[in-house]
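Undergrad: Sharing a structure, written as structure tokens. Questions coming.
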Amino acid sequence: MSEYAVGSITALPRYIQVHRQDNVAIVVNDHGLPKGASFPCGLTLLEHIPQGHKVALQDIPQDGTILRYGEVIGFAARDIRRGSWIDESLVLLPPAPELASLPLANNVPQTLPPLEGYTFEGYRNADGSVGSKNLLAITTSVHCVAGVVDYVVKIIERDLLAKYPNVDGVVALNHLYGCGVAINAPAAVVPIRTLHNLALNPNFGGEVMVVGLGCEKLQPERLLQGTPDVQPITVDESRIVRLQDEKHVGFQAMVADILAVAEQHLQRLNRRQRETVPASELVVGMQCGGSDAFSGVTANPAVGFASDLLVRCGATVMFSEVTEVRDAIHLLTPRVADQQVGKRLLEEMAWYDDYLNQGQTDRSANPSPGNKKGGLANVVEKALGSIAKSGSSAIVEVLSPGQRPSKRGLIYAATPASDFVCGTQQLASGITVQVFTTGRGTPYGLTAVPVIKMATRSALAERWHDLIDINAGTIATGEASIEQVGWQLFELILDIASGRKQTWSDRWGLFNALAVFNPAPIT
Numbered sequence: 001m002s003e004y005a006v007g008s009i010t011a012l013p014r015y016i017q018v019h020r021q022d023n024v025a026i027v028v029n030d031h032g033l034p035k036g037a038s039f040p041c042g043l044t045l046l047e048h049i050p051q052g053h054k055v056a057l058q059d060i061p062q063d064g065t066i067l068r069y070g071e072v073i074g075f076a077a078r079d080i081r082r083g084s085w086i087d088e089s090l091v092l093l094p095p096a097p098e099l100a101s102l103p104l105a106n107n108v109p110q111t112l113p114p115l116e117g118y119t120f121e122g123y124r125n126a127d128g129s130v131g132s133k134n135l136l137a138i139t140t141s142v143h144c145v146a147g148v149v150d151y152v153v154k155i156i157e158r159d160l161l162a163k164y165p166n167v168d169g170v171v172a173l174n175h176l177y178g179c180g181v182a183i184n185a186p187a188a189v190v191p192i193r194t195l196h197n198l199a200l201n202p203n204f205g206g207e208v209m210v211v212g213l214g215c216e217k218l219q220p221e222r223l224l225q226g227t228p229d230v231q232p233i234t235v236d237e238s239r240i241v242r243l244q245d246e247k248h249v250g251f252q253a254m255v256a257d258i259l260a261v262a263e264q265h266l267q268r269l270n271r272r273q274r275e276t277v278p279a280s281e282l283v284v285g286m287q288c289g290g291s292d293a294f295s296g297v298t299a300n301p302a303v304g305f306a307s308d309l310l311v312r313c314g315a316t317v318m319f320s321e322v323t324e325v326r327d328a329i330h331l332l333t334p335r336v337a338d339q340q341v342g343k344r345l346l347e348e349m350a351w352y353d354d355y356l357n358q359g360q361t362d363r364s365a366n367p368s369p370g371n372k373k374g375g376l377a378n379v380v381e382k383a384l385g386s387i388a389k390s391g392s393s394a395i396v397e398v399l400s401p402g403q404r405p406s407k408r409g410l411i412y413a414a415t416p417a418s419d420f421v422c423g424t425q426q427l428a429s430g431i432t433v434q435v436f437t438t439g440r441g442t443p444y445g446l447t448a449v450p451v452i453k454m455a456t457r458s459a460l461a462e463r464w465h466d467l468i469d470i471n472a473g474t475i476a477t478g479e480a481s482i483e484q485v486g487w488q489l490f491e492l493i494l495d496i497a498s499g500r501k502q503t504w505s506d507r508w509g510l511f512n513a514l515a516v517f518n519p520a521p522i523t
């Protein structure tokens with residue numbers, strides 16, 4: 001057994017083999033391992049292998065299957081010798097699972113025992129939902145008004161918020177939709193539904209305020225009416241500000257009008273108080289970004305364990321990202337609660353397949369260069385690690401992009417895999433807290449909900465000590481178990497939702513712009 005030195009630290013070579021049938025493993029050690037490094041099992045490296053990248057545990061012939069997670073992640077592009085580095089160029093992409101042949105609800109998980117007695121301090125809304133923040137949201141019907149709204153938001157933050165200490169902040173729900181678009185195209189249901197439901201996020205307290213221009217295709221009334229599958233929002237006409245109204249003589253008149261309406265909302269929001277509510281009122285979104293080969297063995301399984309704990313409390317948990325689920329869909333369809341849920345899951349997969357085909361691209365466009373640098377060879381390997389966030393509970397409902405759930409439990413909310421688009425769509429679906437796992441690192445954040453960032457590797461958590469909220473890298477080093485980190489995350493979610501603790505992104509004010517998914521044509 002050889003040792004290797006990193007600075008003044010000497011460590012034993014370590015790898016992680018997920019499943020006993022796997023013929024590859026990933027290197028655990030920081031900075032990777034040099035040629036000649038030997039493992040306790042007698043495996044010796046034939047070349048340098050970076051951290052997180054795959055080593056062949058046995059000889060693999062050309063066209064032979066490469067197994068990770070007990071699943072085929074690809075085929076060998078050439079003969080691969082035991083102890084070799086298997087980089088992305090050596091892994092040929094296998095075909096995606098055929099949707100028509102997948103079994104549905106044939107292995108539904110048993111309901112886990114209830115987890116009782118857990119609570120958090122949240123803001124109860126008139127519709128029964130519970131927020132983790134108390135924010136004034138200004139909905140916009142068209143991007144044309146974004147500059148004016150941003151200008152007013154700064155004034156509200158500077159001059160008004162101090163008068164309303166129970167209000168956490170103000171959010172401009174700006175976006176690129178609203179005009180120059182095919183407003184009646186079938187796919188327009190996605191952005192219109194998304195914008196409608198964004199205004200209803202529980203963290204906004206039911207205070208719907210809209211700023212429009214006046215000539216846009218998506219008139220405020222249509223935004224509030226929404227789509228056939230949502231409940232229309234009824235608001236007083238005085239809550240809608242149209243910049244083109246003749247009463248606005250000059251820019252300052254527009255500003256004054258928006259401020260006057262905003263202050264009415266602030267007065268009502270300021271009356272809200274946190275109260276003790278059961279953990280079943282949580283709606284938590286699970287997402288990953290800047291993933292690496294550790295994502296599927298450290299952070300995502302810990303998130304999955306926490307997901308099960310939340311479901312046992314009666315809470316709502318959403319996982320998403322179609323392209324990072326599609327190649328592992330055969331592992332999810334048996335877990336759906338019933339045949340109807342399974343059919344809905346297949347419908348969302350098929351819809352996205354068609355969407356990619358129309359764009360003359362396919363699933364090979366994922367993963368990103370950073371994912372590959374982190375050891376992920378292709379989208380199959382990425383998907384197998386991604387679905388670990390869903391834990392082991394039955395999937396009780398499937399949502400189209402931007403839909404709100406009608407049930408509690410584990411829910412698949414279909415979204416693109418893009419961090420910003422997925423985050424926006426999950427907001428529309430009603431999340432009040434988001435958990436975001438990353439191996440490469442990202443300062444990603446959302447103004448509307450707290451985003452808990454979990455590192456897959458200790459090296460990242462240590463280097464980004466004031467950006468990462470929780471470290472799952474201790475699982476890889478054997479310092480903690482998946483269950484221990486899962487419980488740590490669960491308790492942190494309760495603290496963050498209660499306002500007892502603050503995420504780093506909230507502390508620094510690091511927030512990404514909304515990115516509404518718009519598959520409809522732009523005219």
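In terms of my numbering, the sequence shown has 281 at position 281, counting the first letter as 1, and numbering is strictly consecutive.
Note that CB positions come from ideal geometry on N, CA and C, so glycine has one too.
The structure displayed is predicted, hence computed values, not measured ones.
1) If we count the other Cβ atoms within 10 Å of its Cβ and call it buried at 16 or more, is residue 265 buried or exposed?
2) Which value, in whole angstroms, describes the spacing of the CA atoms of residue 14 and residue 39?
3) Measure the Cβ-Cβ separation of residue 476 and residue 28 and say whether it is below 8 angstroms.
4) Between the alpha carbons of residue 9 and residue 52, how many angstroms are there, rounded?
5) With H, G and I counted as helix, E and B as strand and the rest as coil, what does DSSP make of residue 323?
6) Take the Cβ of residue 81 as the centre, count every other Cβ of all protein chains shown within 10 Å, and call the residue buried at 16 or more, exposed below.
7) Considering just the uninterrupted stretch of the beta strand (DSSP E) at residue 434, what are its terminal residues?
8) Tell me whether residue 261 sits in a helix, a strand or coil according to DSSP, three-state version.
9) What's the C-alpha gap between residue 500 and residue 305?
10) How would you call residue 508, buried or exposed, if buried means at least 16 neighbouring beta carbons within 10 angstroms?
11) Hey, out of 409, 245 and 427, whose CA is closest to residue 415's CA?
12) In the DSSP output, what is residue 294 paired with across the bridge?
13) Run through DSSP, which three-state label would residue 120 get?
14) Roughly how many whole angstroms lie between the Cα atoms of residue 286 and residue 217?
15) So, is residue 175 buried or exposed, given that buried needs 16 or more other C-beta atoms within 10 angstroms?
16) Classify residue 6: buried if its beta carbon has 16 or more other beta carbons within 10 angstroms, exposed otherwise.
17) Going by the CB atoms, is the gap between residue 289 and residue 444 shorter than 8 angstroms?
18) Unbroken alpha helix (DSSP H) runs of length 4 or more, entirely within the region 89-167: which are they?
19) Grouping DSSP H, G and I as helix and E and B as strand, with all else coil, what is residue 464?
20) Take residue 47 and list the residues in its own chain whose beta-carbon comes closer than 7 angstroms to its own, dropping the five residues that flank it on each side.
21) In the DSSP assignment, find the beta strand (DSSP E) that holds residue 169 and state where it starts and stops.
22) Going along the chain, which residues of its own chain have a beta-carbon closer than 6 angstroms to the beta-carbon of residue 391, five neighbours each way excluded?
23) Roughly how many angstroms lie between the CA atoms of residue 350 and residue 496, to the nearest whole one?
24) Thinking just about the alpha-carbon of each residue, which of 124, 385, 134 and 331 is nearest to the one in residue 277?
25) What residue from 76, 87 and 439 has the CA that sits closest to residue 464's CA?
26) Alpha carbon to alpha carbon, how far is residue 189 from residue 519? Give it in angstroms, no decimals.
27) Tell me which residues share the same chain as residue 140 and place their Cβ nearer than 8 angstroms to its Cβ, disregarding the 5 neighbours each side in the sequence.
28) Compute the distance between the beta-carbons of residue 122 and residue 281, then report whether it is under 8 angstroms.
29) Buried or exposed: residue 328, going by 16 or more other Cβ atoms within 10 Å of its Cβ?
30) With DSSP as the reference, label residue 4 as helix, strand or coil.
31) Please look up how many angstroms separate the CB atoms of residue 170 and residue 259, rounded, as I've assumed it's under 8 angstroms.
32) Sort 184, 321 and 331 by Cα distance to residue 109 and report the nearest one.
33) Between the alpha carbons of residue 199 and residue 380, how many angstroms are there, rounded?
34) Can you find the residues in the same chain that come closer than 8 angstroms, C-beta to C-beta, to residue 343, ignoring five residues on each side of it along the sequence?
35) I think residue 292 touches residue 474, with their Cβ atoms under 8 angstroms apart; what is that distance to the nearest whole Å?
36) What do you get for residue 242, buried or exposed, if any count of 16 or more other CB atoms within 10 angstroms of its CB means buried?
TA: Walking through what the data contain:
1) In the sequence shown, the residue the question calls residue 265 occupies position 265. So residue 265 ends up on the buried side.
2) Counting from one through the sequence shown, the residue named residue 14 turns up at place 14. Counting from one through the sequence shown, the residue named residue 39 turns up at place 39. Distance between the alpha carbons of residue 14 and residue 39 is about 7 angstroms.
3) Position 476 of the sequence shown, counted from the first residue, corresponds to residue 476. Position 28 of the sequence shown, counted from the first residue, corresponds to residue 28. Yes; because the gap between Cβ atoms is below 8 angstroms, this pair is in contact.
4) Mapped onto the sequence shown, residue 9 falls at position 9. Mapped onto the sequence shown, residue 52 falls at position 52. Confidence at residue 9 is low in this model, with a pLDDT of 42, below 50, so its placement is unreliable and no value can be given for it.
5) Translated into the one-based positions of the sequence shown, residue 323 becomes position 323. If DSSP states are grouped into helix, strand and coil, residue 323 belongs with the helices.
6) Position 81 of the sequence shown holds residue 81. Taking every protein chain shown into account, the CB of residue 81 has fewer than 16 other CB atoms within 10 angstroms, so this residue is exposed.
7) The sequence position of residue 434 within the sequence shown is 434, counting from 1. For residue 434, the enclosing beta strand (DSSP E) starts and ends at 433-438.
8) Position 261 of the sequence shown, counted from the start, is the residue given in the question as residue 261. Secondary structure at residue 261: helix, using DSSP grouped into helix, strand and coil.
9) Numbered from its first residue, the sequence shown carries residue 500 at position 500. Numbered from its first residue, the sequence shown carries residue 305 at position 305. One C-alpha to the other measures close to 23 angstroms.
10) Here the question's residue 508 lines up with position 508 in the sequence shown. By the neighbour-count criterion, in which 16 or more other beta carbons inside 10 Å mark a residue as buried, residue 508 falls on the exposed side.
11) To locate residue 415, count along the sequence shown from 1; it is residue 415. It is 427 whose Cα lies nearest to the Cα of residue 415.
12) For the purposes of this step, residue 294 is identified with residue 294 of the sequence shown, where counting begins at 1. By DSSP's assignment, residue 294 forms no beta bridge with any residue.
13) As a working mapping, residue 120 is identified with position 120 in the sequence shown. DSSP, read as helix, strand or coil, puts residue 120 in strand.
14) Along the sequence shown, one-based indexing puts residue 286 at 286. Along the sequence shown, one-based indexing puts residue 217 at 217. C-alpha separation (whole angstroms): 34 angstroms.
15) Numbered from its first residue, the sequence shown carries residue 175 at position 175. Residue 175 comes out buried.
16) Taking the first residue of the sequence shown as 1, we reach residue 6 at position 6. In this predicted model, residue 6 has a pLDDT of only 43, less than 50, meaning its place in the structure is not dependable; the value taken from the coordinates is given anyway. Counting the other Cβ atoms within 10 Å of the Cβ of residue 6 gives fewer than 16, which makes it exposed.
17) Locating residue 444 in the sequence shown gives position 444, where the first residue counts as 1. Locating residue 289 in the sequence shown gives position 289, where the first residue counts as 1. The answer is yes: Cβ separation under 8 angstroms.
18) The region 89-167 contains, as complete alpha helix (DSSP H) runs of 4+ residues, the segments 146-155 (chain order).
19) Counting from 1 along the sequence shown, the entry for residue 464 is found at position 464. Three-state result, residue 464: coil.
20) Here the question's residue 47 lines up with position 47 in the sequence shown. Take residue 47, set aside five residues on each side of it, and the residues of its chain with a beta-carbon closer than 7 angstroms to its own are 35, 84 and 85, in chain order.
21) If you number the sequence shown from 1, residue 169 lands on position 169. Segment 169-173, the beta strand (DSSP E) holding residue 169.
22) Reading the sequence shown from its first residue, position 391 is the one you call residue 391. These residues qualify, in order along the chain: 304, 307 and 308.
23) Against the sequence shown, residue 350 aligns to sequence position 350. Against the sequence shown, residue 496 aligns to sequence position 496. Cα to Cα, the separation comes out at about 37 angstroms.
24) Here residue 277 corresponds to residue number 277 of the sequence shown, with the count starting at 1. Out of 124, 385, 134 and 331, 124 has the C-alpha closest to the C-alpha of residue 277.
25) In the sequence shown, residue 464 corresponds to position 464, counting from 1. Comparing Cα-Cα distances from residue 464 to each of 76, 87 and 439, the minimum goes to 439.
26) In the sequence shown, residue 519 corresponds to position 519, counting from 1. In the sequence shown, residue 189 corresponds to position 189, counting from 1. Looking at the two C-alpha atoms, the distance is approximately 9 angstroms.
27) Walking along the sequence shown from the start, residue 140 turns up at place 140. Excluding sequence neighbours, residue 140 sits near 146, 149, 172, 173, 174, 175, 178, 210, 211 and 212.
28) As a first step, residue 122 must be located in the sequence shown, where it is residue number 122. As a first step, residue 281 must be located in the sequence shown, where it is residue number 281. Yes, Cβ-Cβ distance for residue 122 and residue 281 is below 8 angstroms.
29) Here residue 328 refers to the residue found at position 328 of the sequence shown. Burial call: buried.
30) Indexing the sequence shown from 1 puts residue 4 at position 4. Residue placement at residue 4 is poorly supported in this model, since its pLDDT is 49, which falls under 50; the coordinates are not used for a value here.
31) Along the sequence shown, one-based indexing puts residue 170 at 170. Along the sequence shown, one-based indexing puts residue 259 at 259. Going by Cβ atoms, the distance from residue 170 to residue 259 rounds to 11 angstroms, so no, they are not a contact pair.
32) Here residue 109 is taken as the residue at index 109 of the sequence shown, counted from 1. Ranking the options by Cα distance to residue 109, first place goes to 331.
33) Residue 199 sits at position 199 when you count from the first residue of the sequence shown. Residue 380 sits at position 380 when you count from the first residue of the sequence shown. Residue 199 and residue 380: Cα-Cα distance of roughly 35 angstroms.
34) On the sequence shown, residue 343 is found 343 positions in, with the first residue counted as 1. Excluding positions up to five away in sequence, the list reads 104.
35) Position 292 of the sequence shown holds residue 292. Position 474 of the sequence shown holds residue 474. Beta-carbon to beta-carbon, residue 292 and residue 474 are separated by about 16 angstroms, too far to satisfy the 8 angstroms threshold.
36) As a working note, residue 242 is residue 242 in the sequence shown. Residue environment: residue 242 is assigned as buried (16 or more neighbouring CB atoms within 10 Å of its CB, all protein chains considered).
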